[in-house]
Amino acid sequence: MRILIINGPNLNMLGLREPEVYGAQTLASIESEAQRLGAELGLSVQCMQSNSEGELVTRIQQARGQIDGMIINAGAYTHTSIAIRDALAAAEVPFIEVHISNVYAREPFRHQSYLSDRAIGVMCGLGPFVYEAALRYFAQTTKT
Numbered sequence: 006m007r008i009l010i011i012n013g014p015n016l017n018m019l020g021l022r023e024p025e026v027y028g029a030q031t032l033a034s035i036e037s038e039a040q041r042l043g044a045e046l047g048l049s050v051q052c053m054q055s056n057s058e059g060e061l062v063t064r065i066q067q068a069r070g071q072i073d074g075m076i077i078n079a080g081a082y083t084h085t086s087i088a089i090r091d092a093l094a095a096a097e098v099p100f101i102e103v104h105i106s107n108v109y110a111r112e113p114f115r116h117q118s119y120l121s122d123r124a125i126g127v128m129c130g131l132g133p134f135v136y137e138a139a140l141r142y143f144a145q146t147t148k149t
């Protein structure tokens, strides 16, 4: 099973940006761990990050017919991007929406997601473990 992990704006700053909210782990270490775990679970894991909405849309579109599942942390675009929502719908690839922080314990504008109703699942507030949990879900669903 081919899994694409997509990370949106400012996630390249993990480990530096608001460690009291997002923790001290860097995106590079999260991606490395996801690829290691993916291999252990029999998954092929690709990772990408961009601060550009257009780049994220293009990569999501390219996933159609090439990727079996996506894990997406769209960052702030979760709350603003109809373009990413439309790309996810057009790609027709099952995806899990993840957030490191608990978006419902934060500012009210973070409580709205343009992606959640299209996702097969949503996880937030568990720190970087959300990526592991999503990978384990995809691995388990391929076995059943």
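Residue numbers (the working numbering): 6 to 149.
Idealized CB from N, CA, C, for every residue including glycine.
Suppose contacts are defined by Cβ-Cβ distances below 8 Å. Is residue i in contact with residue j by that definition?
| i | j | result |
| --- | --- | --- |
| ALA39 | ILE10 | yes |
| LEU140 | GLY59 | no |
| ALA95 | GLN66 | yes |
| TYR82 | GLY13 | yes |
| LEU21 | GLN54 | no |
| VAL108 | MET128 | no |
| ALA92 | VAL62 | yes |
| PHE100 | MET75 | yes |
| ARG90 | ARG123 | yes |
| GLY47 | ALA144 | yes |
| HIS84 | GLN30 | no |
| TYR142 | GLY130 | no |
What residue from the options has the CA that sits closest to residue i's CA?
| i | options | result |
| --- | --- | --- |
| MET18 | PHE114, MET6, ILE35 | ILE35 |
| ILE8 | SER49, GLU25, ASP122 | SER49 |
| ILE87 | PRO113, ALA138, SER121, GLU112 | SER121 |
| GLY132 | CYS52, GLN51, GLU25 | GLU25 |
| SER57 | GLN145, ALA79, THR146 | ALA79 |
| GLY28 | SER106, GLN51, GLU45 | SER106 |
| GLU137 | GLU112, VAL98, ILE77 | ILE77 |
Based on the DSSP output, what are the partners of residue i in its beta bridges?
| i | result |
| --- | --- |
| MET18 | Answer by DSSP bridge pairing: none, since MET18 is not bridged. |
| LEU9 | GLN51, MET75 |
| GLY59 | DSSP, once it has assigned bridges, lists no residue as partnering GLY59. |
| VAL98 | Note: VAL98 sits in no beta bridge, so no partner. |
| VAL127 | GLU102 |
Specify the secondary structure class of residue i as computed by DSSP and reduced to three states.
| i | result |
| --- | --- |
| GLY80 | helix |
| VAL103 | strand |
| GLU38 | helix |
| ARG90 | helix |
| GLN117 | coil |
| GLN30 | coil |
| PRO133 | coil |
| ALA68 | coil |
| THR85 | coil |
| GLU25 | helix |
Hey, is residue i's beta-carbon within less than 8 Å of any beta-carbon in chain B?
| i | result |
| --- | --- |
| VAL50 | Here chain B cannot be found, since the structure has a single protein chain. |
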